[in-house]
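Written out below as C-alpha cells is the structure these notes cover.
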Amino acid sequence: YTRFTTETIRKLFPQHTKPISGWKTTDMAFYEIIKRENYFKITFSLCSDNLTDEQRAACDRVSQALNRPDRKEDWRWKRIRNWPRHTIESEPNSENYKEEIYRYLNTNWREIQKFENDLLNKTE
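Okay, here's the thing in C-alpha cells:
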C-alpha cells in the first residue's frame, strides 16, 4: 500500500495531536493505492482508533453526506470510497508500463479532487 492524504481531507477530518491512529500517524483518514501484480486501485479509508468526539462527529457528518451509514457501531476500519480497478496491460519495467500507470493515476487524481469538492459542498 501507498498511503496519502490531502489538505481537504485534513480539513474534513481533524488530526490527532500524537501518532495514535491505526496507521501510527496523526491522520485518521487516508487514500490508499493498492497495487497487485497486474492492477491497482485507490480507496479512501477511515480508522476509528482513539477518536475524539470532534473526529467521531466528522465521521458521522461524512457518512451522512455520502449516505453511507455505519454497518457496525464499533467499527475500526471503514472504507468510504473505492475507485475502479485499473488493469495494467504493459510489461513491467517498460516505458509503456510507466505511462499506463501515470495515465490511470492522473485519472484517479481528477476523480479524487471532484470527490473532495463534492464532499466539502455536502458537509458545509
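Counting in the numbering used here, the sequence shown runs from 163 upward without gaps.
Heads up, the beta-carbon is just placed ideally off N, CA and C, and yes, glycines get one too.
In this text, all values refer to a predicted model and were calculated from it rather than measured experimentally.
Exercise for review: Drop a sphere of 10 angstroms on the beta-carbon of residue 193, count the other beta-carbons inside from all chains shown, and report buried for 16 or more, exposed for fewer.
Suggested key: Per the 10 Å Cβ criterion, buried.
Exercise for review: Could you work out which residue in 205, 178, 173, 184 is closest to residue 273 when comparing CA atoms only?
Suggested key: 205
Review point. My guess is that residue 209 and residue 183 are in contact by the Cβ rule of under 8 Å, so how many angstroms apart are they, rounded?
Key: 5 Å
**Study point:** Residue nearest to residue 240 in terms of C-alpha spacing, selected from 248, 230, 246, 247
**Key:** Closest option to residue 240, Cα to Cα, is 230.
Exercise for review: Within the same chain, show all residues whose beta-carbon is closer than 7 Å to that of residue 270, passing over the 5 residues directly before and after it, in chain order.
Suggested key: 204, 245
**Study point:** Integer Cβ distance of residue 174 from residue 281, believed to fall under 8 Å
**Key:** 7 Å
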